[in-house]
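Numbering (this note's numbering), first residue to last: 35 to 617. Using N, Cα and C, we set each Cβ at its ideal position, and we do this for glycine too. To start, the structure under review is shown below, and the notes come after it.
Structure below.
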């Protein structure tokens with residue numbers, strides 16, 4: 035009867051967030067507990083009433099960005115000091131209670147949430163075969179990030195064993211090694227875009243804190259006698275925000291690399307599974323915003339830099355103009371396209387070859403983009419080569435088409451994630467194919483480019499004020515340009531309501547711009563003539579056609595000189611008295 039009684043108690047307590055008493059907090063198995071730790075204070079965390087069916091317990095504690103440390107003794111010994119920390123305690127025969135101690139190195143009080151998770155002897159032990167990190171049995175995930183990617187490292191697990199039994203060996207050198215059968219599922223749960231609140235983070239952590247909450251082991255509760263836990267059960271509200279990044283085996287290093295999502299909360303969880311026993315256990319989840327809350331420059335709270343907002347806001351306004359009037363005002367379109375092409379190219383080159391500040395890099399790239407746009411307009415004005423200009427525009431359209439294709443699940447194929455050569459060869463082929471199609475139908479291709487690129491510039495302008503996933507269409511490719519080791523990264527992102535709204539906006543802008551320009555340009559020449567060539571033809575006509583009145587007129591230089599003399603010469607007043615006209 036004991037398992038059924040424990041099941042009823044655990045169900046009754048699940049889903050609660052309990053509070054603490056001063057310097058001591060009592061955890062209930064499976065229930066989250068709010069804890070506040072002051073500087074130079076040690077909070078004792080106690081777990082009691084542990085049933086005999088539980089072989090080991092993990093205690094995890096999470097804060098938003100402050101560090102805390104868990105240890106088995108009041109005087110801190112071996113402990114991990116981090117915003118996401120945890121310990122695994124194996125239980126002795128007859129042991130029904132457990133005490134751990136929580137401290138913080140910060141001078142300010144630290145508030146966080148914690149939970150204790152029970153596991154049976156059939157469940158694998160996360161981090162039990164640790165040979166790298168400081169703790170003995172280490173269930174923690176070690177996270178590092180940069181602008182391009184986030185890296186997770188963790189210690190291998192071991193198969194479970196009963197209380198008081200000898201731990202199984204951790205070697206995998208022999209084919210009979212039991213640890214070989216363990217599999218590691220790496221999950222990522224993205225928090226809502228723009229949500230930097232502590233409550234939003236804790237809510238997300240509660241959803242992925244255990245293997246059951248991720249649906250990794252539906253049969254765990256019934257077999258272990260711990261009962262189902264609705265508070266930690268499979269959560270249908272996770273939706274598409276939680277993704278299985280990869281599954282690792284004993285043949286792989288316990289390392290996972292995913293794409294960084296700058297300024298957006300992401301919770302990472304690793305579940306180790308034992309397929310033979312149909313059991314699983316969870317490592318301590320970690321979270322990151324791919325930015326720092328303590329940085330005064332480019333921190334999580336100051337990501338919307340003025341330079342970035344000004345740049346993309348102006349780009350959005352220019353894109354809106356090009357979307358509807360680009361082909362009609364061909365010189366303006368060429369300037370915008372040349373600016374985008376050269377600005378992107380030199381931003382990559384400057385970033386790869388220098389260590390300049392972001393604002394300076396963006397400013398230099400913008401200045402060079404202005405020069406590039408002016409050069410492209412000058413080439414068309416002087417030489418009148420429409421096809422050369424259309425080739426540049428075609429490369430830009432090909433870039434957007436290829437980036438969009440690789441933003442879909444097609445880009446997540448293993449051949450592209452594991453081979454830089456395969457990715458870039460396929461990418462370049464797509465760009466060139468689109469460019470060749472555009473050369474065949476230059477006017478239609480140019481108008482389509484105006485609609486697609488102009489609409490996306492509006493989306494990017496919105497992105498600097500409201501974080502969206504559509505910016506990663508081009509940002510993922512930019513990251514690959516800037517980071518040669520980005521090829522194994524998981525680049526998938528989830529979609530929310532704002533993303534679907536912006537997709538609709540992009541489609542409406544692009545389609546309406548293309549239809550409007552095609553209708554307006556249907557009776558016009560394909561492209562406007564070159565002003566310089568027209569001037570040459572006009573000059574030649576005037577030289578040969580003596581009957582043309584303009585042939586006997588002054589030259590442009592002579593007319594300009596006469597106008598200057600008229601402006602600078604003093605006007606003489608006529609002598610005599612004149613009667614003004616009445617009408």
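Environment of residue i [buried if 16+ CB atoms lie within 10 Å]
i, result
"residue 321", "buried"
"residue 423", "buried"
"residue 553", "exposed"
"residue 428", "buried"
"residue 157", "buried"
"residue 491", "buried"
"residue 370", "buried"
"residue 482", "buried"
"residue 196", "exposed"
"residue 472", "buried"
"residue 58", "exposed"
"residue 260", "For residue 260, the predicted structure reports a pLDDT of 38, less than 50, and the residue's modelled location is therefore unreliable. The matter cannot be settled from this model."
"residue 507", "buried"
"residue 183", "buried"
Helix, strand or coil at residue i [DSSP, three-state]
i, result
"residue 146", "strand"
"residue 73", "coil"
"residue 483", "helix"
"residue 303", "strand"
"residue 551", "helix"
"residue 401", "helix"
"residue 529", "coil"
"residue 316", "strand"
"residue 504", "coil"
"residue 105", "strand"
"residue 246", "coil"
"residue 546", "helix"
"residue 223", "strand"
"residue 133", "strand"
"residue 295", "coil"
"residue 361", "coil"
"residue 66", "strand"
"residue 254", "With a pLDDT of 35 at residue 254, under the threshold of 50, the modelled position of this residue cannot be trusted, and the question is left open."
"residue 152", "strand"
"residue 265", "Model confidence at residue 265 stands at a pLDDT of 37, short of 50, so the residue's coordinates are unreliable; what they give is reported in the following sentence. In the structure shown, residue 265 sits in coil (DSSP, three-state: anything other than H, G, I, E or B)."
"residue 591", "helix"
Length of the line joining the Cα atoms of residue i and residue j
i, j, result
"residue 164", "residue 217", "16 Å"
"residue 152", "residue 82", "12 Å"
"residue 348", "residue 495", "8 Å"
"residue 115", "residue 277", "28 Å"
"residue 126", "residue 192", "18 Å"
"residue 388", "residue 563", "42 Å"
"residue 220", "residue 247", "14 Å"
"residue 201", "residue 173", "16 Å"
"residue 99", "residue 326", "8 Å"
"residue 166", "residue 215", "21 Å"
"residue 503", "residue 533", "6 Å"
"residue 364", "residue 290", "48 Å"
"residue 486", "residue 96", "44 Å"
"residue 479", "residue 421", "12 Å"
"residue 86", "residue 304", "26 Å"
"residue 399", "residue 379", "8 Å"
"residue 280", "residue 205", "23 Å"
Same chain, Cβ closer than 7 Å to residue i, neighbours up to 5 away in sequence not counted
i, result
"residue 178", "185"
"residue 484", "356, 357, 360, 361, 367, 547 and 551"
"residue 298", "224, 225, 227, 323 and 501"
"residue 598", "none"
"residue 101", "115, 116, 117, 138, 139 and 140"
"residue 310", "215"
Element boundaries [beta strand (DSSP E), containing residue i]
i, result
"residue 187", "183-188"
"residue 61", "58-61"
"residue 95", "90-96"
"residue 277", "276-282"
For residue i, the first and last residue of its enclosing alpha helix (DSSP H)
i, result
"residue 375", "364-387"
"residue 123", "Element bounds for residue 123: not the alpha helix (DSSP H) but the beta strand (DSSP E), 118-124."
"residue 461", "454-474"
Nonlocal neighbours in the same chain, by C-beta distance under 6 Å from residue i, ignoring five residues either side
i, result
"residue 461", "436"
"residue 51", "Below a pLDDT of 50, predicted positions are generally treated as unreliable, and residue 51, at 48, falls in that range; the measurement from the model is reported next regardless. 66 and 68, listed in sequence order."
"residue 511", "437"
"residue 489", "357, 540, 543 and 544"
"residue 449", "456"
Spatial neighbours of residue i in its chain, beta-carbon cut-off 8 Å, leaving aside the 5 residues before and after
i, result
"residue 372", "403, 406, 407, 408, 409, 410, 411 and 426"
"residue 498", "338, 342, 343, 346 and 347"
"residue 469", "425, 428, 429, 431 and 432"
"residue 89", "124, 125, 153, 154, 155, 157, 194, 195, 196 and 197"
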